[in-house]
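In terms of the working numbering, the sequence shown is residues 619 to 954.
Beta carbons are placed, not taken as given, at the ideal position from N, Cα and C, and that holds for glycine.
Bear in mind that the values here come from a model prediction, so they are computed numbers and not experimental data.
Reviewing the structure listed below.
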Amino acid sequence: MPNRRRLLSVSLALAPAALLLMPAVAWAAEKSGMSSEGIFVLEIILLLVVGRGIGELLERFGQPAVMGQLIGGILLGPSLLGWLWPAAERVVFTGDAAQKSMINAIAQLGVLMLLLLTGMETDLRLVRRVGRACFSISATGVAVPFVLGFAAAQFMPDTLLAAGSERVVAGLFLGTALSISSVKIVAMVVREMNFMRRDLGQIIVSSAIIEDTIGWVIIAITIGIATHGRIEAGSLAFTLAGVAAFMGFSFTLGRRIVFDAIRWTNDTFRSEYAVVTVILAIMGAMALITELIGVHTVLGAFVAGILVGESPILSRHIEGQLRGVITALFMPVFFG
């Protein structure tokens, strides 16, 4: 027990210590002319330490650690650090596009891996059983905010929104923004609150994925209206047909391909991590397919996770390997 308390004290002290040392670190980085790689490593360290420390504190109060990671991002961003010391914030979290793309790449990869893991923990039989409830919740969760957002835009003063057709387009964008929830945060909170093994958690995540997919279809329609003044029927039909074909193939021939690939890798390769490599490759391929058909990559990663999770030879050990690196590295970076 004393060791556990000591470990907790150290972890809780790391976050404020990192925040207090931030100005000195930023000053040293500016004076030494730190390379882009050095700044990238510094960004990772700060996001990990601050996010994990605050997340640990909030977990002690029964809140998910992701809240701490979000708060850590606020503290390290322009809202606090940029307000107290703009120069330090610009040095560490520089506005350079190339520097931003480095940290963004890590964050986006982490999102795909989070949805992969969430899919692996999804009970497909339960989802089928409560499918009607999932679709009802998703349809209501998209339709009501969308209609209210669009209606609100029509009554806004001209000083906020232009009149005429431009107001209609702005209303569509406002309705779309209100109707889409962050499936990444939903998945992370459900996992951290240990809801994934419950019916409620399965319904929440499945509904969020459906909402996200519907949201991208609405975005495609809205962009077509904003760009060409009309609904681009060809683009919309391509996206809808692509989603239907992707889902149909994934849960028929795709399931067999994934099973065989994992089994063959497990039986052929000697490396302990070969199966993990194949799982990540499957995730990437399916995420790329959904990107090409016009919906978000998270749909492909989530479906890949469902197929991988149904594999008869998938072990808790492999799932634990993925969970460790996702929770410890990628999530604090993305949510920060």
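Extent of the continuous alpha helix (DSSP H) to which residue i belongs
i: N884; result: 873-886
i: L911; result: According to the sequence as given, residue 911 is Ile; it is not Leu. First-last for I911: undefined, no H or E at that position.
i: T736; result: 715-738
i: L665; result: 654-677
i: Q681; result: First-last for Q681: undefined, no H or E at that position.
i: P775; result: Counting along the chain, P775 falls outside any alpha helix (DSSP H), and DSSP gives it neither H nor E.
i: T915; result: 915-927
Cβ-Cβ separation, residue j to residue i (assumed contact under 8 Å), whole Å
i: G673; j: A683; result: 3 Å
i: G923; j: G737; result: 2 Å
i: A770; j: V804; result: In fact, because the Cβ distance is near 24 Å, the residues do not count as touching under 8 Å.
i: L732; j: P950; result: 12 Å between Cβ atoms; not a contact.
i: S756; j: E829; result: 5 Å
i: V893; j: T883; result: 5 Å
i: V760; j: I837; result: 12 Å between Cβ atoms; not a contact.
i: G669; j: Q681; result: Not really, about 14 Å apart at Cβ, beyond 8 Å.
i: L744; j: D817; result: 6 Å
i: L739; j: G938; result: It should be noted that the sequence gives Glu, not Leu, for residue 739. At roughly 12 Å, the Cβ-Cβ gap does not stay under 8 Å, so E739 and G938 are not in contact.
i: I931; j: R881; result: 6 Å
i: V921; j: S868; result: 5 Å
Residue i versus the options, residue with shortest Cα-Cα distance
i: L727; options: A919, L660, N812, L925; result: A919
i: T840; options: I822, V808, L818, T794; result: T794
i: E909; options: W834, M949, G938, T895; result: W834
i: G656; options: Q772, Q717, T886; result: Q717
i: I821; options: G942, V896, A751; result: A751
i: I721; options: F764, G767, I662; result: I662
i: L796; options: M806, V762, V808; result: V762
i: S853; options: M774, I911, L734; result: I911
i: L734; options: I931, L917, S929; result: L917
i: V808; options: G671, V943, M685; result: M685
i: E890; options: A946, F773, I936; result: I936
i: A879; options: S929, G942, R746, M811; result: S929
i: T870; options: L925, S824, L940, S799; result: L925
| task | Pair every Cβ in the stretch 865-883 with every Cβ in the stretch 895-915, then say whether three or more of these pairs are closer than 8 Å. | result | Note that the stretch 865-883 touches the stretch 895-915; at least 3 beta-carbon pairs, one per stretch, sit closer than 8 Å.
| task | Assess, as a yes-or-no matter, whether the stretch 860-874 is touched by the stretch 783-797 under the definition of 3 or more beta carbon pairs within less than 8 Å. | result | no
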